[in-house]
């Protein structure tokens, strides 16, 4: 059974460009999370969707970041315009249910903004 | 602020040793405490988890010890192997959101 699938795995872009990261959660999971991982701040929750509805976006750093979940099998995280401080590994994770059980993480998208 | 404080930041043990990673939290509403293991280039994966109604949980060579009064919990890896070399994250939650510690990089030498 396929796990959480993220694309692209690596993205190098220049400051000011738009970046779109994509995620396909595990089929049947109704909770989806976007996390950002950096050495300085560790794993930070950016946004949480339940049944395709954004429940908590308090972790989204600023208006440059936006996330959508148009259906149960697809989500995007967009950064526009990108800045060097956005360089990080972005993880998508999914789980079954509203209460935390096991989070299944994708392999991440490593973003480098020059 | 960091809701879960994890230590040490890095750890080196010899094969067969018992590395211990510690975490502390302040929010007494937390009721779920998992540990995740992450290998380079991969996402974190659930290793073992505990709820505060028990003081210890074992799964294979991995044990969580939980001290509710001290608001601390720890991961012990028995008979550690080079394949256990990874980054370990503790976490805590009371709802949908997991609050992660900053991670411990473990190296098990042959």
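Chains as they are written, first to last, in the numbering used here: chain D, -16 to 97; chain V, 9 to 118.
Backbone N, C-alpha and C fix where the C-beta goes; we use that ideal spot for every residue, glycine too.
Straight-line gap, residue i to residue j (C-alpha atoms, nearest Å)
| i | j | result |
| --- | --- | --- |
| residue 54 of chain D | residue 78 of chain D | 15 angstroms |
| residue 48 of chain V | residue 95 of chain V | 8 angstroms |
| residue 72 of chain V | residue 79 of chain V | 13 angstroms |
| residue 91 of chain V | residue 43 of chain D | 35 angstroms |
| residue -4 of chain D | residue 68 of chain D | 12 angstroms |
| residue 66 of chain D | residue 26 of chain V | 42 angstroms |
| residue 37 of chain D | residue 118 of chain V | 47 angstroms |
| residue 24 of chain D | residue 18 of chain D | 11 angstroms |
| residue 56 of chain V | residue 22 of chain D | 23 angstroms |
| residue 47 of chain D | residue 32 of chain V | 33 angstroms |
| residue 161 of chain D | residue 11 of chain D | With chain D covering only -16 through 97, there is no way to say anything about residue 161 of chain D. |
Chain-order list of residues whose beta-carbon lies under 7 angstroms from that of residue i (same chain, five-residue window excluded)
| i | result |
| --- | --- |
| residue 93 of chain V | 114, 115 and 116 |
Short Cβ contact (8 angstroms threshold) for residue i with residue j
| i | j | result |
| --- | --- | --- |
| residue 26 of chain D | residue 16 of chain D | no |
| residue 111 of chain V | residue 12 of chain V | no |
| residue 82 of chain V | residue 28 of chain V | yes |
Beta-carbon contacts of residue i that lie in its chain and below 6 angstroms, excluding the five residues immediately before and after
| i | result |
| --- | --- |
| residue 86 of chain D | 76 and 78 |
| residue 106 of chain V | 99 |
Taking contact to mean at least 3 C-beta pairs separated by less than 8 angstroms, is the stretch 15 to 25 of chain V in contact with the stretch 86 to 97 of chain D?
-> no
Cβ pair count under 8 angstroms reaching 3, the stretch 28 to 43 of chain V against the stretch 45 to 59 of chain D = no
Is the stretch 65 to 76 of chain V close to the stretch 3 to 14 of chain D, with three or more CB pairs under 8 angstroms?
-> no
With 9 angstroms as the C-beta to C-beta threshold (strictly closer), list the residues of the stretch 25 to 59 of chain D near chain V in chain order.
-> Result list: 25, 26, 27, 28, 31, 33, 38, 39 and 42.
Identify each residue in the stretch 63 to 91 of chain V for which the Cβ-Cβ distance to at least one residue of chain D is less than 7 angstroms, and report them in chain order.
-> none
Using a Cβ-Cβ cut-off of less than 7 angstroms, list which residues of the stretch 1 to 19 of chain D approach chain V; keep chain order.
-> The stretch 1 to 19 of chain D vs chain V, Cβ under 7 angstroms: 14.
Contact residues within the stretch 31 to 52 of chain V, judged by C-beta distance below 9 angstroms to chain D | 40, 42, 44, 46, 49, 50, 51 and 52
Listed in chain order, which residues of the stretch 84 to 96 of chain D have Cβ atoms closer than 7 angstroms to some Cβ of chain V?
-> 85, 86, 88, 89, 90 and 91
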